[in-house]
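Residue numbers (my numbering), protein chains in the order written: chain P, -18 to 72; chain S, -18 to 72. Glycine residues also receive a C-beta, built at the ideal position from the N, C-alpha and C atoms. Below: one structure, written as structure tokens.
Number of protein chains: 2
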Amino acid sequence: MSQENIIYIGRKPVMAYCLAVMTALKESESEVTLMARGRAISKAVDVAEVVRNQFLSDLEVTDISIGTEQLETEDGSPRNISNISIVLAKD
Amino acid sequence: MSQENIIYIGRKPVMAYCLAVMTALKESESEVTLMARGRAISKAVDVAEVVRNQFLSDLEVTDISIGTEQLETEDGSPRNISNISIVLAKD
Chain P
-18 MSQENIIYIG
-8 RKPVMAYCLA
2 VMTALKESES
12 EVTLMARGRA
22 ISKAVDVAEV
32 VRNQFLSDLE
42 VTDISIGTEQ
52 LETEDGSPRN
62 ISNISIVLAK
72 D
Chain S
-18 MSQENIIYIG
-8 RKPVMAYCLA
2 VMTALKESES
12 EVTLMARGRA
22 ISKAVDVAEV
32 VRNQFLSDLE
42 VTDISIGTEQ
52 LETEDGSPRN
62 ISNISIVLAK
72 D
């Protein structure tokens, strides 16, 4: 999978990421992966659902996986943070 | 699937739900489903990851699905809200 069709979900509004998904899919990519960590996980699910329900009804969720990453906090101590990846593909 | 092995993730701390998962699995259930809506989606992923990484390493995520529900807000207008269900099963 090329790096280009991964969209990292952060602090922008849901619609900004919906637009990014649709732009990626127009540029001949047939698959887009949403990646999110921590509280942005809920937003990643929102992006997947909004794109599918409101814009591209032929888009399918082909894979969802969850995991844990160890990040270092500002004071140097490790902290576990959950992540999700959601693969969306054109039918 | 019986109603009993569904755990709804809400406002309690992550560990409260981890305990609920472990209690359900001890009571002869071999499978537990976590259900969450909106911002609690991130917490559901945390619960699944914490139980698997810190308590029950033989637990597997066997299914994750996402969807949209229409809820009515206090002023009567409809609002879409995303949800997730995560199925955890003993190996």
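Have a look at the DSSP bridge pairing and note the partners of residue i.
i	result
P:V13	P:L69
P:D44	P:V68
S:Y(-11)	S:M16
P:Q35	The partner list for P:Q35 (beta bridge, DSSP) is empty, contrary to what the question assumes.
P:L0	According to DSSP, which records beta bridges pairwise, P:L0 is partnered with nothing at all.
S:I62	S:E50
Using a Cβ-Cβ cutoff of less than 8 Å, which residues in the same chain neighbour residue i once the five nearest sequence positions on both sides are dropped?
i	result
S:M(-18)	No answer about S:M(-18) holds up, because its pLDDT of 46 lies below 50 and its placement is not dependable.
P:D72	D39, L40, E41
P:M3	V32, F36, L37
S:R(-8)	A21
P:A1	I(-12)
P:N34	none
P:G57	none
Who are the near neighbours of residue i in its chain, counting only those whose CB is closer than 7 Å to its CB and skipping five residues on each side?
i	result
P:A25	I(-10), L15, A17, I65, I67
P:Y(-2)	I(-12), I(-10), V28
P:V(-5)	K24, D27, V28, V31
P:K7	none
CB-CB under 6 Å to residue i, same chain, minus the five flanking residues each way: which ones, in chain order?
i	result
P:E10	N(-14)
P:E55	none
S:A5	N(-14), V13
P:I22	I65
P:G19	I62
S:L52	R60, I62
- Under 8 Å (Cβ pairs) to chain S, residues found in the stretch -9 to 20 of chain P: Here the close residues are G19, R20.
- Item | Near-chain P residues of the stretch 18 to 45 of chain S - C-beta to any C-beta below 7 Å | Those residues of the stretch 18 to 45 of chain S placed with their C-beta closer than 7 Å to a C-beta in chain P are G19, R20, I22, S23, V26, D27, A29, E30, N34, V42, I45, ordered along the chain.
- Task: Count the C-beta pairs between the stretch 37 to 48 of chain S and the stretch 32 to 51 of chain P that are closer than 8 Å, then say yes if the count reaches three, no if not.
- Result: Yes, the stretch 37 to 48 of chain S is in contact with the stretch 32 to 51 of chain P.
- Query: Taking Cβ-Cβ distances below 8 Å as the criterion, which residues of the stretch 47 to 61 of chain S are in contact with chain P?
  - Reply: From the stretch 47 to 61 of chain S, only I47, G48, T49, N61 have a Cβ closer than 8 Å to chain P.
- Query: For the stretch 61 to 72 of chain P, which residues have a beta carbon sitting closer than 7 Å to at least one beta carbon of chain S?
  - Reply: Taking 7 Å as the cut-off between beta carbons, the residues of the stretch 61 to 72 of chain P near chain S are S63, I65, in sequence order.
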